[in-house]
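Positions -5 to 196 (the numbering used here) are the ones given, in order, by the sequence shown.
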Amino acid sequence: MTLKTRGPQSIAVIAKAMDVTAEAVRQQMTRLHADGLVDSESHSAGRGRPTQIWFLTEAGHGRFPDTHAEMTVQMIGAVRQVFGDEGVEKLIQVRETAMLNSYHQVMLGAKDLGSRLERLVQMRSSEGYMAELRKEGAGYLFIENHCPICSAAKACMGFCRSELELFRAVLGTDVQVEREEHILVGARRCAYRVTPLGKSKA
């Protein structure tokens, strides 16, 4: 889990995060490596022995839920075949509208940006996105360590565009939301920079 939520790390860092011995982590990494779920690279930071940095392989990422992946991709393909790209776009719009209505209900009573983001983290985590929030300067970094609809997003990038628009609509016109990291272009996670505009309260 720590490699999924924190990215590539050394044995020592993983052991500290999990409050276990380095030897226990090393044994676990050896087993996972044998199963093709993790791999490692040597990183040198000057003098001394290089440090082995461990990371999830594509197969390792695949162990985390991708909601009904095969069926979803097949459905998108069927909609595209019967109704064309306009049909797929309509499907995405209907999904976005339903999610927006649901998210707006969750946001009721959240009076500032921080509160809205905390509720968004809870909502997205409950949907399998492994979301977290970091306060950075005057704004925030909203992170999703996993994408449970990754297969659907690969089949149609409109899902990614739709989710960015969803965040912008939910968080309000007084903030700027920009995607800085994107799983589909090779990042290990999706991350969004959320910046208050004008007199918006963080």
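We put the CB at the ideal spot given by N, CA and C, even for glycine.
> Curious, which full-length alpha helix (DSSP H) runs of at least 4 residues does the segment 128 to 193 contain?
Replying inline: The segment 128 to 193 contains these whole alpha helix (DSSP H) runs: 144 to 149, 152 to 165.
>> Taking contact to mean 3 or more Cβ pairs, one atom from each stretch, closer than 8 Å, check whether the segment 21 to 28 and the segment 152 to 167 are in contact.
In response: Output reads no: the segment 152 to 167 does not touch the segment 21 to 28.
>> Let me confirm a value: P44 is counted as buried when at least 16 other C-beta atoms fall within 10 Å, else exposed. Which label applies?
In response: The residue given as residue 44 occupies position 50 in the sequence shown. So P44 counts as exposed.
> Around the C-beta of A149, are 16 or more other C-beta atoms found within 10 angstroms, so that it is buried, or is it exposed?
Replying inline: Counted from its first residue, the sequence shown places residue 149 at position 155. Buried, because 16 or more other Cβ atoms sit within 10 Å of the Cβ of A149.
> With DSSP run on the structure shown, which of helix, strand or coil describes A104?
Replying inline: As a first step, residue 104 is located in the sequence shown; it is residue number 110 there, counting from the start. For A104, the three-state secondary structure derived from DSSP is coil.
> Do you know how far the Cα of V82 is from the Cα of V67?
Replying inline: Residue 67 sits at position 73 when you count from the first residue of the sequence shown. Residue 82 sits at position 88 when you count from the first residue of the sequence shown. Annotation: V67 to V82 spans about 11 Å, alpha carbon to alpha carbon.
> Where does F136 land, buried or exposed, given buried means 16+ other C-beta within 10 angstroms?
Replying inline: On the sequence shown, residue 136 is found 142 positions in, with the first residue counted as 1. With 16 or more other Cβ atoms within 10 Å, it is buried.
> Can you name the start and end residues of the alpha helix (DSSP H) that V19 belongs to?
Replying inline: Residue mapping note: residue 19 aligns to position 25 of the sequence shown, counting from 1. 16 to 28 is the span of the alpha helix (DSSP H), which, as asked, contains V19.
>> If you measure between the beta carbons of G133 and T189, is that distance less than 8 Å?
In response: Here residue 133 refers to the residue found at position 139 of the sequence shown. Here residue 189 refers to the residue found at position 195 of the sequence shown. In contact: G133 and T189 (Cβ atoms closer than 8 Å).
> Which two residues bound the contiguous beta strand (DSSP E) that contains E52?
Replying inline: As a first step, residue 52 must be located in the sequence shown, where it is residue number 58. Element bounds for E52: not the beta strand (DSSP E) but the alpha helix (DSSP H), 52 to 55.
> How would you call L50, buried or exposed, if buried means at least 16 neighbouring beta carbons within 10 angstroms?
Replying inline: As a first step, residue 50 must be located in the sequence shown, where it is residue number 56. Counting Cβ neighbours within 10 Å, L50 comes out buried, since at least 16 surround it.
> Mind checking M151: buried by the 16 CB within 10 Å criterion, or exposed?
Replying inline: For the purposes of this step, residue 151 is taken as the residue at position 157 of the sequence shown. Answer is exposed; the Cβ neighbour count stays below 16.
> Nearest CA to the CA of I5: which residue from E174, S34, A28, T(-1)?
Replying inline: As a first step, residue 5 is located in the sequence shown; it is residue number 11 there, counting from the start. A check of alpha carbon separations from I5 across E174, S34, A28, T(-1) identifies S34 as the nearest.
> Cα separation between E175 and R183?
Replying inline: For this step, residue 175 is matched to residue 181 along the sequence shown. For this step, residue 183 is matched to residue 189 along the sequence shown. Using only the alpha carbons, I get a separation of about 7 Å.
> Between which two residues does the beta strand (DSSP E) containing D33 stretch?
Replying inline: Residue numbering aside, residue 33 sits at position 39 when the sequence shown is read from its first letter. Per DSSP, D33 belongs to the beta strand (DSSP E) from 32 to 37.
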